[in-house]
């Protein structure tokens, strides 16, 4: 009897996980899966309902969880669901004032509050409830290889170890190891078609990946940053570089008498930094390396030639 309550909580967490993965499920199926009686399962479901989980009986012995109220729970681990069950069960025994307070906290997991004081606008938000997103999350959680068709100029097949879903500059990407060349690559979610979860598992997500992503300014991240970029920022824009890191490895090397700044960045490739630099033209000048300066000048020259062609047609 001593271990009955912890065992029950563990089972409740597992039952919740089943409901989050299935549309409906019967008490008979749950009893068989957890090797217990139908009566025990009925008591478990009653406790979940009393704890505030939106369970409803859709037929005799058939139950469904209203996932529209629990979308955030889909990303919880089984042990986290067990903890939630334990907290809800404990609080329900402490009386109405405590229960009301805790229900207010838990309700924040169920609903988007219109009074949230922070607003972040994304140009094209992804449907987090979409089938593709859910399949990718599940494949990552279960460490399963995936395959899909990826279309840039023409479609091609990709076989991947999926590691992370990441958002940069309003675009969502799947990051993982390409099984053909063993390179870490990124794939825009809106270009992924015919996504399949394969039977084969992979061992682990690289432990350094989170740190790499945290220290990245855009999707063109690199594990190794061994290129030093040095720029001169004019005095009109210097204040912005003092107030904010425009790139994770930004360092102010020198402040000149006229108020301009010499700033350095360590990057893994020019793709990481070049668009950031272009956004500050004409207030920024590349001092080193020479190859980056030439590439930037080449891109600006192409733009000027294209602009000249456009003006030549009479379009203003």
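Numbering (full-length UniProt numbering), first residue to last: 1 to 316.
Backbone N, C-alpha and C define an ideal beta-carbon position, used for all residues, glycine too.
TODO: Please classify residue 133: does DSSP put it in a helix, a strand, or coil?
DONE: As a first step, residue 133 must be located in the chain shown, where it is residue number 133. It is helical.
TODO: May I ask which residues mark the beginning and end of the beta strand (DSSP E) holding residue 194?
DONE: Taking the first residue of the chain shown as 1, we reach residue 194 at position 194. Per DSSP, residue 194 belongs to the beta strand (DSSP E) from 192-201.
TODO: Check the DSSP bridge columns for residue 288 and list the partner residues they point to.
DONE: In the chain shown, residue 288 corresponds to position 288, counting from 1. DSSP lists 230 as the beta-bridge partner residues of residue 288.
Task: Short Cβ contact (8 Å threshold) for residue 258 with residue 242 - done: The count along the chain shown starts at 1 and reaches residue 258 at position 258. The count along the chain shown starts at 1 and reaches residue 242 at position 242. No, Cβ-Cβ distance for residue 258 and residue 242 is not below 8 Å.
Open item on the list: As a quick exercise: from 297, 271 and 148, pick the residue whose alpha carbon is nearest that of residue 281.
Closed with: Taking the chain shown and counting its residues from 1, one reaches residue 281 at position 281. Taking each of 297, 271 and 148 in turn and checking the Cα distance to residue 281, the smallest one comes out for 297.
TODO: Label residue 326 either buried or exposed according to how many other C-beta atoms from any shown protein chain fall within 10 Å of its C-beta, with 16 as the threshold for buried.
DONE: Missing from the structure shown is residue 326; the chain here goes from 1 to 316 and no further.
Open item on the list: Tell me the rounded alpha-carbon separation between residue 145 and residue 231.
Closed with: Counted from its first residue, the chain shown places residue 145 at position 145. Counted from its first residue, the chain shown places residue 231 at position 231. Those two C-alpha atoms are separated by around 42 Å.
Open item on the list: Is residue 22 near the ligand GTP - that is, is its Cβ less than 7 Å away from at least one heavy atom of it?
Closed with: With respect to the ligand GTP, the structure shown offers nothing to examine, as it has no ligands at all.
Task: residue 229 and residue 273 closer than 8 Å at C-beta - done: To locate residue 229, count along the chain shown from 1; it is residue 229. To locate residue 273, count along the chain shown from 1; it is residue 273. Cβ distance < 8 Å, so residue 229 and residue 273 count as in contact.
TODO: Would you list the one or two residues that DSSP bridges to residue 178?
DONE: Your numbering for residue 178 matches position 178 in the chain shown. DSSP links residue 178 through a beta bridge to 160.
TODO: Give the secondary structure of residue 219 by DSSP, where H, G and I count as helix, E and B as strand, and everything else as coil.
DONE: The residue you call residue 219 lines up with position 219 of the chain shown. Residue state, collapsed to three classes: coil.
Task: Alpha-carbon spacing of residue 293 relative to residue 246, whole angstroms - done: Along the chain shown, read from residue 1 onward, the residue named residue 293 stands at position 293. Along the chain shown, read from residue 1 onward, the residue named residue 246 stands at position 246. For the pair residue 293 and residue 246, the Cα-to-Cα distance works out to about 19 Å.
Open item on the list: Less than 6 Å between C-beta atoms, sequence neighbours within five positions excluded: which residues of the same chain meet that for residue 240?
Closed with: The residue you call residue 240 lines up with position 240 of the chain shown. Here the set comprises nothing.
Task: Within 8 Å, strictly: CB atoms of residue 40 and residue 61 - done: In the chain shown, counting from the first residue as 1, residue 40 sits at position 40. In the chain shown, counting from the first residue as 1, residue 61 sits at position 61. Not a contact, by the Cβ cut-off of 8 Å.
TODO: Could you tell me the distance, in whole angstroms, from the CA atom of residue 121 to the CA atom of residue 166?
DONE: Locating residue 121 in the chain shown gives position 121, counting from the first residue. Locating residue 166 in the chain shown gives position 166, counting from the first residue. Confidence in residue 121 is poor, its pLDDT being 48 and thus under 50, which makes the residue's placement too unreliable to answer from.
- [ ] With DSSP collapsed to three states, give me the class of residue 204.
- [x] Stepping through the chain shown from its first residue, residue 204 is reached at position 204. In the structure shown, residue 204 sits in coil (DSSP, three-state: anything other than H, G, I, E or B).
Task: Nearest-angstrom Cβ-Cβ length linking residue 151 and residue 185, presumed shorter than 8 Å - done: Locating residue 151 in the chain shown gives position 151, where the first residue counts as 1. Locating residue 185 in the chain shown gives position 185, where the first residue counts as 1. Between residue 185 and residue 151 the Cβ distance is about 15 Å, and since that is not below 8 Å, they are no contact.
Task: Euclidean distance between Cα positions of residue 289 and residue 179 - done: Position 289 of the chain shown holds residue 289. Position 179 of the chain shown holds residue 179. Their Cα atoms are separated by approximately 34 Å.
- [ ] Taking only the alpha-carbon atoms, compute the straight-line gap between residue 31 and residue 149 and give it to the nearest angstrom.
- [x] Residue mapping note: residue 31 aligns to position 31 of the chain shown, counting from 1. Residue mapping note: residue 149 aligns to position 149 of the chain shown, counting from 1. Between residue 31 and residue 149, the C-alpha separation is close to 40 Å.
Task: Coil, strand or helix - residue 60 by DSSP - done: Start at 1 with the first residue of the chain shown, and residue 60 comes out as number 60. Correct three-state label for residue 60: coil.
Open item on the list: Assuming residue 212 is part of the alpha helix (DSSP H), what are its boundary residues?
Closed with: The residue labelled residue 212 in the question sits at position 212 within the chain shown. Here the alpha helix (DSSP H) through residue 212 covers 209-214.
- [ ] Determine the contact status of residue 155 and residue 176, defining contact as a CB-CB distance below 8 Å.
- [x] Working through the chain shown from its first residue, we reach residue 155 at position 155. Working through the chain shown from its first residue, we reach residue 176 at position 176. No, the Cβ-Cβ distance between residue 155 and residue 176 is not below 8 Å.
Task: Distance between beta carbons of residue 34 and residue 50, contact taken as under 8 Å - done: By one-based count along the chain shown, residue 50 stands at place 50. By one-based count along the chain shown, residue 34 stands at place 34. Between residue 34 and residue 50 the Cβ distance is about 19 Å, and since that is not below 8 Å, they are no contact.
TODO: Grab the span of the alpha helix (DSSP H) containing residue 256 for me, first residue to last.
DONE: On the chain shown, residue 256 is found 256 positions in, with the first residue counted as 1. No alpha helix (DSSP H) contains residue 256, which DSSP labels as neither H nor E.
TODO: Kindly indicate which residue of 287, 291, 278 and 286 has the alpha-carbon position closest to the one of residue 303.
DONE: Looking up residue 303 in the chain shown gives position 303. Closest option to residue 303, Cα to Cα, is 278.
Open item on the list: If you measure between the beta carbons of residue 267 and residue 225, is that distance less than 8 Å?
Closed with: To locate residue 267, count along the chain shown from 1; it is residue 267. To locate residue 225, count along the chain shown from 1; it is residue 225. Yes, these two residues count as a Cβ contact at 8 Å.
Task: Nearest neighbour of residue 204, chosen from 45, 135 and 139 [CA to CA] - done: Against the chain shown, residue 204 aligns to sequence position 204. Residue 204 has its Cα closest to that of 139, out of 45, 135 and 139.
- [ ] Report yes if the CB atom of residue 218 is closer than 8 Å to the CB atom of residue 168, and no otherwise.
- [x] As a working mapping, residue 218 is identified with position 218 in the chain shown. As a working mapping, residue 168 is identified with position 168 in the chain shown. In this structure, residue 168 lies closer than 8 Å to residue 218 by Cβ.
TODO: Please classify residue 11: is it buried, with 16 or more other beta-carbons within 10 angstroms of its beta-carbon, or exposed?
DONE: Taking the first residue of the chain shown as position 1, residue 11 is located at position 11. Flag for residue 11 reads buried.
Task: Other residues of its chain near residue 200: CB distance less than 6 Å, five sequence neighbours each side excluded - done: For this step, residue 200 is matched to residue 200 along the chain shown. Around residue 200: 145.
Open item on the list: I'd like to know whether the C-beta atoms of residue 164 and residue 209 end up nearer to each other than 8 Å.
Closed with: As a first step, residue 164 is located in the chain shown; it is residue number 164 there, counting from the start. As a first step, residue 209 is located in the chain shown; it is residue number 209 there, counting from the start. For residue 164 and residue 209, yes; Cβs fall inside 8 Å.
TODO: Counting only the same chain and skipping the five closest in sequence on each side, list residues whose C-beta sits under 7 Å from that of residue 135.
DONE: As a working note, residue 135 is residue 135 in the chain shown. Same-chain partners within the cutoff: 195 and 197.
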